[in-house]
Ligand SMILES: [Mg+2]
Ligand SMILES: [Zn+2]
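Numbering (my numbering), first residue to last: 1 to 184.
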């Protein structure tokens, strides 16, 4: 069985804002994220991105844009010796304007569908895995499948932090801080 680090994309690996980033020129790696992912690679974690992309259902951009954005993100990360093993994204939204993607799905976080699918496809032991996110919905998804979860203050983190009230989830400044402090 493998262990994995499930990473949210927007606000964890790449800068958010811009919200609904989808153009290649909007790919900006948050400082330290490359080093963090390289460390996870070295420590034997599969690095798997799990990302809500409701901008597709909302008609803001298309699946092809997500693919190009992700390729550019991977290219920039590779310059820092960092490797992403797989990327999952949810294109849906229950109120989307694009009918093809308008649905109440099981992959949109806080639902854990993407994590469950990745775990099956990559033989992942969720108990030895981590999920790192900047929204409360990320943490809910990770907790639903008994992953260890880490909350980061980049992206939407500072605005979302009040949702954590009473929760024991560890909080880190950014992805690199999260990896260095809490991933073992
Ligand atoms: Mg995010
Ligand atoms: Zn979905």
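Note that the Cβ used here is the ideal one computed from N, Cα and C, for glycine as well.
Report task. Please look up how many angstroms separate the CB atoms of residue 124 and residue 150, rounded, as I've assumed it's under 8 Å. Result -> Mapped onto the chain shown, residue 124 falls at position 124. Mapped onto the chain shown, residue 150 falls at position 150. Incorrect: roughly 17 Å between the Cβ atoms, too far for contact.
**Report entry** alpha helix (DSSP H) segments (min. 4 residues) lying fully within the region 47-89
**Finding:** 63-78
Report task. Using the Cα positions of residue 135 and residue 156, report the straight-line distance between them to the nearest angstrom. Result -> Taking the chain shown and counting its residues from 1, the one referred to as residue 135 is at position 135. Taking the chain shown and counting its residues from 1, the one referred to as residue 156 is at position 156. Going from the Cα of residue 135 to the Cα of residue 156 covers about 6 Å.
Query - residue 34, enclosing alpha helix (DSSP H) - first and last residue - result: The residue you call residue 34 lines up with position 34 of the chain shown. Segment 33-42, the alpha helix (DSSP H) holding residue 34.
Report task. Sort 106, 184, 98 and 60 by Cα distance to residue 144 and report the nearest one. Result -> Position 144 of the chain shown, counting from 1, holds the residue named residue 144. Looking at the Cα atoms, 106 is the closest of the given residues.
Query raised in the report: Is residue 12 near ligand 1, going by C-beta to nearest heavy atom under 7 Å?
Result: In the chain shown, residue 12 corresponds to position 12, counting from 1. Correct: residue 12 has its Cβ closer than 7 Å to ligand 1.
Report task. Output yes or no for whether 8 Å exceeds the beta carbon distance between residue 59 and residue 20. Result -> Mapped onto the chain shown, residue 59 falls at position 59. Mapped onto the chain shown, residue 20 falls at position 20. Result no, Cβ atoms of residue 59 and residue 20 do not sit closer than 8 Å.
Query raised in the report: To the nearest angstrom, how far is it from the Cα of residue 10 to the Cα of residue 50?
Result: If you number the chain shown from 1, residue 10 lands on position 10. If you number the chain shown from 1, residue 50 lands on position 50. Roughly 10 Å separates the two Cα atoms.
Requested in this report: Run the CB neighbour count on residue 104, radius 10 Å, all protein chains shown included, and call it buried at 16 or more, exposed below.
Outcome: Numbered from 1 along the chain shown, position 104 holds the residue referred to as residue 104. Exposed is the call here.
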